[in-house]
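Trainee:
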Ligand SMILES: Nc1ncnc2c1ncn2[C@@H]1O[C@H](COP(=O)(O)OP(=O)(O)O)[C@@H](O)[C@H]1O
Ligand SMILES: [Mg+2]
């Protein structure tokens, strides 16, 4: 059964068709990659689904309910969370406090970090558990600004995860990290997400990563869905190769950037 469905979802910026009548269906438990060239509309689509941008027209159905007109807070409460392409971490807080703050916001508590984080045993335990799941336990008490880039990206994912989503959008969780670190970040994300049965939609440019981790791939171009299918189907799709890499043929996907 589809956990999420968009029906003719639309959002333009002036003449720019950022999201152009998109009909997207995501199945419960899937790990989906959303790919496409820069400017294809991937972030805009996620923004509309998570209510950071209002839809111009069309509908969003989440777990059978029309959520098109609901607020970001209501969607988070319903179970939709997202990480950001540019990391949304509080630099001056410790790694632990960043996670504790996300838990507080999920619980609808006003965060008074200095006191709350160190008093509430349940939050303490949960935050430490999340840090361990993301391999950040050793960085618990350091300021977030001192994390390595790959650790920052993981913390960003951990903050979205701390909202206990049913559907998690990750916008370029491996951007700006080395190829070697990408594998580690993706292994961590995949193991947490699959372990908890969370449905995940991830924006990723590295097609090796996309082919390795995805159940299904959705390709966007110019605001619309160009193609979708299993990694094998997308690998064999020459139109997709052309759009993604500006070249055709079977070698297109083995090139490195
Ligand atoms: N806030 C905005 N104002 C005007 N144009 C925007 C805005 N956000 C995105 N766009 C435009 O919408 C298109 C899709 O952008 P985006 O969703 O960021 O693509 P992607 O994430 O696939 O790179 C691009 O042409 C981009 O320039
Ligand atoms: Mg983007």
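Numbering (the numbering used here), first residue to last: 208 to 464.
The beta carbon of each residue, even a glycine, is placed where N, CA and C say it ideally should be.
Can you confirm whether the region 382-401 touches the region 429-437 when touching is taken to mean that 3 or more C-beta pairs between the two stretches lie within less than 8 Å?
Mentor: no
Trainee: With a cut-off of 5 Å, give the chain-ordered residues whose Cβ is closer than this to any heavy atom of ligand 1.
Mentor: 220, 223, 225, 245, 246, 247, 248, 249, 250 and 251
Trainee: So within the region 346-370, which uninterrupted alpha helix (DSSP H) runs reach at least 4 residues, ignoring any that extend past its ends?
Mentor: If one requires a minimum length of 4 residues, the alpha helix (DSSP H) runs lying completely within the region 346-370 are 356-368, in chain order.
Trainee: Rounding to the nearest angstrom, what Cα-Cα distance links residue 299 and residue 349 in this structure?
Mentor: If you take the alpha carbons of residue 299 and residue 349, they lie about 10 Å apart.
Trainee: Roughly how many angstroms separate the alpha carbons of residue 253 and residue 392, rounded to a whole number?
Mentor: Each residue's CA atom was taken as its position, placing residue 253 and residue 392 some 21 Å apart.
Trainee: I need the DSSP call for residue 311, collapsed to helix, strand or coil.
Mentor: helix
Trainee: Three or more C-beta pairs under 8 Å: does that hold for the region 372-382 against the region 400-414?
Mentor: yes
Trainee: Alpha carbons only, please: which of 287, 268, 308 and 288 is nearest the one belonging to residue 296?
Mentor: Nearest to residue 296 by alpha-carbon distance, out of 287, 268, 308 and 288, is 308.
Trainee: Is the separation between the beta-carbon of residue 268 and that of residue 356 shorter than 7 Å?
Mentor: no
Trainee: Where does residue 451 fall in DSSP's three states?
Mentor: helix
Trainee: Between the alpha carbons of residue 451 and residue 221, how many angstroms are there, rounded?
Mentor: If you draw a straight line from the Cα of residue 451 to the Cα of residue 221, it comes to about 25 Å.
Trainee: Note down the Cα distance separating residue 463 from residue 243, rounded to an integer number of angstroms.
Mentor: Any reading at residue 463 must be qualified, since the residue scores a pLDDT of 45, below 50, and its modelled position is unreliable; the value itself is stated next. Approximately 16 Å, taken between the alpha carbons.
Trainee: For the beta strand (DSSP E) containing residue 264, name the first residue and the last one.
Mentor: 264-269
Trainee: Have a look at the DSSP bridge pairing and note the partners of residue 287.
Mentor: Beta-bridge pairing links residue 287 to 374.
Trainee: Does residue 360 pass the burial test, meaning 16 or more other C-beta atoms within 10 Å, or should it be called exposed?
Mentor: buried
Trainee: Given that a residue counts as buried once 16 or more other Cβ atoms are within 10 Å of its Cβ, and exposed if not, what is residue 275?
Mentor: buried
Trainee: Do the CB positions of residue 310 and residue 247 come within less than 7 Å of each other?
Mentor: Not closer than 7 Å, so no.
Trainee: Return helix, strand or coil for residue 440, following the three-state DSSP convention.
Mentor: Helix at residue 440.
Trainee: Using three-state DSSP, classify residue 379 as helix, strand or coil.
Mentor: Per DSSP, reduced to three states, the secondary structure at residue 379 is coil, with no helix or strand assignment.
Trainee: Helix, strand or coil: how does DSSP classify residue 465 here?
Mentor: Within the shown structure, residues of the chain are numbered from 208 to 464, placing residue 465 beyond reach of any answer.
Trainee: Mapping the DSSP letters down to three states, classify residue 235 as helix, strand or coil.
Mentor: coil
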